[in-house]
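Residue 829 is where the sequence shown ends in numbering that gives the first Met the number 0, and the numbering goes up by one at each step. Each remark here refers to the structure printed beneath this line.
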Amino acid sequence: MKKFKLVLVGNGMAGIRTLEELLKIAPEHYEITVFGAEPHPNYNRILLSPVLAGEQTLEEIVLNDWNWYHDNGITLHAGYQVTEINRIQRTVTATNKEGQTITAAYDRLVLATGSNPFILPVPGADLDGVIGYRDIADTQAMIDAAERYTQAVVIGGGLLGLEAANGLSKRGMQVSVVHVNDWLMERQLDDVAGKMLQQSLQARGLNFLMQAHTQELLGDANGRVRAVRFKDGREVPAQLVVMAVGIRPNTALAQSAHLHVDRGIVVSDTMQTVTDPRIYAVGECANHRGIAYGLVAPLFEQAKVLANHLAEWGIARYTGSLTSTKLKVTGIDLFSAGNFQGDADTETIVLRDPFAPGGGIYKKLVLKDNKLVGACLYGDTVDGSWYFKLLREGRSVADIRDRLIFGESNIGDSGHQGHNKASSMQDSDEVCGCNGVTKGTICKAIKEKGLFTLEDVRKHTKASASCGSCTGLVEQIIIFTAGGDYSAAPKTKAICGCTSHGHQAVRDAIRDQHLLRISDVFAALDWQTPNGCPTCRPAINYYLISTWPKEAQDDPQSRLINERSHANIQKDGTYSVIPRMWAGETNADELRRIADVVDKYQIPTVKVTGGQRVDLLGVKKEDLVNVWRDLGMPSGHGYAKALRTVKTCVGSEWCRMGTQDSTQMGKDLEHAMWRMYAPHKVKFAVSGCPRNCAEAGIKDVGIIGVDSGWEMVIGGNGGIKTEVAQFFTKLKTAEEVLEYTGAFMQLYRLEGWYLERTVHFLERVGMDYVKQRILEDHAGRKALWEQLQFALDGEPDPWFEFSKAAVDTRQFDRVIPIQVAAPAPTSVTA
């Protein structure tokens with residue numbers, strides 16, 4: 000049978016997915032020719048950001064290598080730009096950079112020309128160093144700039160802009176993100192989630208200019224950008240400007256062929272152009288029913304319909320997509336779908352924990368007539384696909400309304416209880432939204448092809464091969480299906496994109512080689528980024544000072560923003576000050592001082608915290624030093640990866656139920672360890688009896704009074720993912736409580752990974768290991784307790800001993816805005 004000629008213009012994800020689907024059902028139907036403007040095979044555009052950040056290479060994000068085209072009989076003209084379509088002769092003409100021309104005939108023509116980045120039409124937009132962010136060439140240009148320059152501005156606070164900013168920051172640049180709206184990613188997040196995202200990214204070193212309108216880009220004598228000027232007169236230095244303010248469908252070729260274009264190439268439900276039925280359009284360049292989709296999942300749905308039509312397998316129809324967004328922005332999980340903003344006719348259910356690890360957790364569900372119509376998730380998106388399924392099905396959630404916000408695993412009476420979500424999913428349930436892969440497809444591939452690794456599943460099904468947000472669920476399905484044959488990748492997760500070394504390797508090198516400075520670590524471990532990044536520098540700094548106390552010098556600039564300013568930054572830019580109250584006990588003098596400070600500095604909010612302390616919220620940065628001085632109380636370390644609080648009940652001193660003096664025990668613990676930095680924040684609690692009014696059972700260390708003395712529990716964690724502490728041992732005396740608690744803390748300090756809570760440390764090393772080191776090795780336990788005392792001896796209070804604590808007080812000086820003089824009037828002579 001004579002093959003028809005199929006020409007594909009565009010070598011991107013939508014066009015090649017069309018060919019993949021076509022080859023599955025009609026491999027011999029067409030003689031296929033592909034024109035790609037880039038000199039690369041098909042690659043995953045979603046993973047350009049990890050390439051920019053140095054976490055992956057171009058080779059690692061290629062979806063279909065050169066051999067794939069050859070093996071499937073496809074002629075690929077890479078590096079050729081199609082310049083003309085002759086609809087009468089049914090040919091396309093393409094040219095490369097050397098001026099070579101190729102003409103190819105077609106029976107069917109597919110346009111998958113994608114989109115172009117929108118460049119703001121402002122003066123200076125044509126300067127060197129001003130680029131968009133769309134392809135490998137843009138990514139390489141940013142990598143090259145990061146090797147030569149230090150200051151970058153990213154215009155646009157959407158997904159692409161934030162990923163660009165993160166990548167440039169990881170490569171050592173000082174990055175400012177400019178956004179015209181009130182909050183980031185306003186199309187995917189509501190204001191609460193958007194501002195939580197901004198706060199998390201600020202803590203990682205990014206600077207933000209919100210509601211800022213770019214007026215002009217200024218250049219230097221060599222024609223390279225040097226600054227960005229805003230409409231309010233401000234100027235920000237920039238040697239690189241990345242425009243990430245949106246995309247426009249690439250329709251120039253279609254327009255030149257006189258196809259109907261209206262904000263995209265207008266297509267029917269079969270993806271045929273309405274002008275010429277032999278010509279199709281798919282992907283970001285297509286306008287279907289007035290919508291040009293920019294997310295990968297709808298584009299792949301279009302590709303499947305188009306392939307079905309090209310193969311003449313009946314007439315499949317694309318009727319549009321209900322889209323959801325499940326993204327990972329610089330390591331932060333986000334999900335939104337439907338009407339997540341809500342309106343007057345809807346009601347919302349909200350759960351928020353701003354203090355959860357990783358920048359907080361926020362869940363917002365929007366209901367109408369007892370049906371889920373929208374969802375917005377920040378920080379914890381594990382139930383995103385389940386919420387999206389409920390939204391698509393439109394079924395009533397009245398029977399599970401009271402538990403809906405807590406996720407699928409908490410709907411016990413519907414048969415979905417259990418920690419492994421894979422076991423409760425139906426085969427028809429979607430796992431990978433990017434590629435439209437269901438659980439049934441994955442299970443079938445595992446069983447029929449004998450797959451046992453994540454990489455194998457990605458290769459055969461595409462699940463988890465795009466944005467990667469469904470990776471954990473795919474791994475659960477592999478375990479559920481393959482059982483004991485599952486082979487997790489043995490590769491150690493790198494501490495960041497600057498290196499291939501994991502946390503333990505870095506800790507071992509610091510100890511074994513007696514490294515004392517961050518630069519020593521970089522040199523010894525052949526760090527790929529000369530100055531590190533906001534992810535690795537705080538971790539290495541902690542490892543140095545915890546491993547070699549009194550020898551390694553603390554580097555304040557390698558700490559996160561809260562620890563640099565020794566106060567907790569709030570969403571409005573003011574700070575929170577929490578003075579220490581030993582075991583939650585205070586007196587009239589301290590309360591008077593707090594009241595006087597509140598009045599003197601006009602602090603708007605005073606709040607009692609869950610840790611039995613008083614929080615002063617809304618303190619201006621320039622007032623911090625004076626607030627600390629006037630309070631005259633020690634730092635509560637409410638901002639630090641350190642011992643935060645020791646919560647107590649009133650105990651036997653006052654309570655008729657109390658069996659032990661919990662308040663005094665709490666004071667002793669807090670006095671012994673209050674200046675202790677740790678891999679993550681640490682909280683203690685002491686309850687005077689088993690009634691546990693101090694909630695010791697969900698603290699990192701909980702001490703509970705019993706008739707014979709004390710019970711010690713460890714590894715608890717409050718918050719949305721509450722972890723109950725595990726019983727550790729029984730102790731008789733207060734001295735034993737101090738020694739055993741201190742030894743456990745020192746073991747955690749020395750062997751825990753940065754930002755790893757005690758519960759996760761215990762999961763990793765095992766309770767048996769901790770018992771062996773603390774309970775069974777008496778000499779080792781005492782040595783750990785002594786090491787901790789040595790490390791804390793003389794440790795300064797950062798609120799008062801500025802020079803000893805290496806606190807740069809210049810950071811608290813009030814910044815006086817520079818007055819920009821108006822330009823002199825210019826005379827114009829006709």
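Glycine residues also receive a C-beta, built at the ideal position from the N, C-alpha and C atoms.
Spatial distance of residue i from residue j (CA atoms)
| i | j | result |
| --- | --- | --- |
| isoleucine 60 | alanine 464 | 9 Å |
| isoleucine 246 | asparagine 115 | 5 Å |
| glutamine 340 | tyrosine 386 | 15 Å |
| proline 816 | alanine 397 | Residue confidence for proline 816 is low, a pLDDT of 49 falling below 50, so the modelled location carries little weight; the figure read from the coordinates is stated next. So the two alpha carbons sit approximately 55 Å from each other. |
| leucine 524 | histidine 500 | 8 Å |
| histidine 565 | valine 244 | 35 Å |
| tyrosine 132 | proline 49 | 13 Å |
| glycine 630 | glycine 204 | Contrary to the premise, residue 630 reads as leucine rather than glycine in this sequence. Distance between the alpha carbons of leucine 630 and glycine 204 is about 30 Å. |
| lysine 194 | glycine 708 | 47 Å |
| isoleucine 87 | alanine 111 | 21 Å |
| alanine 742 | asparagine 434 | 50 Å |
| lysine 363 | serine 199 | 19 Å |
| serine 651 | tyrosine 739 | 22 Å |
| aspartate 268 | leucine 453 | 35 Å |
| glutamate 429 | histidine 502 | 34 Å |
| valine 624 | valine 505 | 36 Å |
| isoleucine 593 | asparagine 691 | 30 Å |
| alanine 343 | glycine 337 | 15 Å |
| glutamate 162 | alanine 285 | 25 Å |
| threonine 608 | lysine 646 | 11 Å |
For residue i, the residue or residues it bridges with in DSSP
| i | result |
| --- | --- |
| threonine 647 | Val685 |
| methionine 209 | His178 |
| alanine 77 | Gly35 |
| glutamine 150 | Gln173 |
| methionine 242 | Gly131, Ile154 |
| aspartate 344 | None, per the DSSP bridge assignment. |
| isoleucine 892 | Residue 892 falls outside the range modelled here, since the chain spans only 0 to 829, and no answer is possible. |
Residue environment, residue i, which counts as buried when at least 16 other CB atoms sit within 10 Å
| i | result |
| --- | --- |
| valine 769 | buried |
| isoleucine 568 | buried |
| glutamate 346 | exposed |
| leucine 590 | exposed |
| glutamine 556 | exposed |
| asparagine 85 | exposed |
| arginine 813 | exposed |
| proline 689 | exposed |
| alanine 487 | The predicted model places alanine 487 with a pLDDT of 47, which falls under 50 and marks its position as unreliable; any figure quoted below should be read in that light. That one is exposed. |
| serine 686 | buried |
| aspartate 106 | exposed |
| glutamine 139 | exposed |
| leucine 389 | buried |
Residue i - DSSP class collapsed to helix/strand/coil
| i | result |
| --- | --- |
| glutamate 794 | coil |
| arginine 247 | strand |
| valine 365 | strand |
| tryptophan 752 | coil |
| valine 624 | helix |
| methionine 711 | strand |
| glutamate 407 | helix |
| aspartate 614 | strand |
| threonine 287 | For clarity, residue 287 is histidine in the given sequence; the question names threonine instead. Three-state result, histidine 287: strand. |
| valine 281 | coil |
| alanine 104 | strand |
| valine 265 | strand |
| arginine 225 | strand |
| phenylalanine 521 | helix |
Chain B contact for residue i (CB, 8 Å cutoff)
| i | result |
| --- | --- |
| serine 175 | This model lacks chain B altogether, as it is built from one protein chain only. |
Contact test: residue i Cβ vs the ligand ADP heavy atom, cutoff 7 Å
| i | result |
| --- | --- |
| cysteine 497 | The model on display carries no ligand, and the ligand ADP is accordingly not part of it. |
Looking at C-beta atoms only, is the number of pairs between the region 293-312 and the region 117-128 that lie closer than 8 Å three or more? no
Stretch-stretch touch, CB-based, cutoff 8 Å, three pairs: the region 219-235 with the region 178-197: no
On the three-pair Cβ rule with 8 Å, is the region 141-156 touching the region 166-176? yes
On the three-pair Cβ rule with 8 Å, is the region 577-584 touching the region 666-675? yes
Check whether the region 630-646 touches the region 654-662, taking contact to mean three or more Cβ pairs, one atom from each stretch, closer than 8 Å. no
Inspect the CB distances between the region 53-70 and the region 98-118 and report whether three or more fall short of 8 Å. no
Counting pairs of Cβ atoms below 8 Å between the region 19-36 and the region 303-320, do you hit three or more? yes
Three Cβ pairs or more, each shorter than 8 Å: is that satisfied between the region 670-678 and the region 744-753? yes
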